[in-house]
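Everything on this sheet refers to the single structure shown next.
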Amino acid sequence: MAELTADMKNEPVSATKRGRGKKKIRPLSLLLRILVWGAAAITFFVLIFLVSYILIKGVPHLKLSLFEWKYTSENVSMLPSMINTLLITILALAVAIPFGVGTAIYLVEYAKKGNKFVGIVRITAETLSGIPSIVYGLFGMLFFVTYLKWDYSLLSGAATLSIMVLPLIMRTTEEALLAVPDSFREASYGLGAGKLRTVFKIVLPSAIPGILSGVILAVGRIVGETAALIYTAGTVAKIPKNIFSSTRTLSVHMYVLSGEGLNINESYATAVVLLIVVLVINWLSGLAAKKLTSSGLREE
30 MAELTADMKN
40 EPVSATKRGR
50 GKKKIRPLSL
60 LLRILVWGAA
70 AITFFVLIFL
80 VSYILIKGVP
90 HLKLSLFEWK
100 YTSENVSMLP
110 SMINTLLITI
120 LALAVAIPFG
130 VGTAIYLVEY
140 AKKGNKFVGI
150 VRITAETLSG
160 IPSIVYGLFG
170 MLFFVTYLKW
180 DYSLLSGAAT
190 LSIMVLPLIM
200 RTTEEALLAV
210 PDSFREASYG
220 LGAGKLRTVF
230 KIVLPSAIPG
240 ILSGVILAVG
250 RIVGETAALI
260 YTAGTVAKIP
270 KNIFSSTRTL
280 SVHMYVLSGE
290 GLNINESYAT
300 AVVLLIVVLV
310 INWLSGLAAK
320 KLTSSGLREE
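Position in the sequence shown counted from 1, then plus 29, gives you the numbering used here.
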């Protein structure tokens, strides 16, 4: 009797195992799997090819003369452009981050649901995100350079770039705030915290990784921008004396060198430095996000 019971128990298990072993993959599922893996492989190899091509072409031409303090037609130094890139990035983010984050906080936390103004703001932000950078450059030239009489300057370029990355920061911050569970807000209200305290002590710290992702994307666009800066910041390859001096960023420096056709090797070397700068900025931003997130969790 015990043996019969054991056999009866083992039958469904073995049948289940046999069923699992005979499970077949449908042709459509197999096709989709192949397409997904193929897309991932193509993307990976294209990225590796681009990075390798830049490194192979540019690394052999890196030399100390490219990092001298003053630019001349002989050394074509990129050091002034590196400093200008850092300055214009800081100025642009100093304007774009407060306005972008503040707008997102209003849209998510304070605006009433179904508000038509919120819909208009979101549609406008999405529209601005798709406008070519050359249009921003023309606007900056007409408004900042000509109308406000800031001329070709660091300030004109930074103001134009801040408008360009503002929709990106606003939309990513909005999505990060929406991703914060409502239970966090309800728990804060239940403990007697007000709206402002809940937003800045509970919601924003939880959304910091998403906000920093938007800032990283904005930095990448600022560092790699060329068209808008040619019309607003100019192409003077020297460290600016003040914010009203004309400047040249790394991307513009590379464009000018390649356009002249006399320093193609140096333009490849500039591309290597530009690539390294972007990678370092992304790495530092990732570290900052981890530290801010861990500190926020400790406080909670």
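Backbone N, C-alpha and C fix where the C-beta goes; we use that ideal spot for every residue, glycine too. For clarity, every value in this text was computed on a predicted model and none was experimentally measured.
The continuous alpha helix (DSSP H) containing Asn113 extends over residues Leu108 to Ile134.
DSSP places Arg214 in the helix class (H, G or I) of the three-state scheme.
With fewer than 16 other Cβ atoms inside 10 Å of its own Cβ, Arg62 counts as exposed. The distance from the Cβ of Val232 to that of Leu206 is about 6 Å, consistent with a contact at the 8 Å cut-off. Leu91 sits in coil when the DSSP states are folded into three classes, being neither helix nor strand.
A residue is called buried once 16 or more other Cβ atoms fall within 10 Å of its Cβ, and Ser191 is buried on that count. The beta carbon of Ile163 is closer than 6 Å to those of Ala256 in its chain, skipping five residues each way along the sequence. In the structure shown, Glu103 adopts coil according to DSSP, grouped into three states.
Within the same chain, Ala125, Phe128 and Gly129 come within 7 Å of Leu195 by CB-CB distance, once the 5 residues on both sides are set aside. Looking at Ala317, Asn144 and Arg250, the one whose alpha-carbon comes closest to that of Leu304 is Arg250. Each of Leu60, Ser94, Leu167 and Ile245 was checked against the Cα of Thr299, and the nearest Cα belongs to Ser94. In the assembly as shown, Glu203 is a buried residue. Its beta-carbon has 16 or more other beta-carbons within 10 Å. The straight-line gap separating the alpha-carbon atoms of Ser110 and Ile134 is approximately 35 Å.
In this structure, the beta-carbon distance from Thr278 to Thr114 falls below 7 Å. For Gly159, no alpha helix (DSSP H) segment is defined, and its DSSP state is neither H nor E.
At the C-beta level, Ser185 and Thr261 come within 7 Å of one another. Thr261: member of the alpha helix (DSSP H) spanning Ala256 to Thr261, first to last residue.
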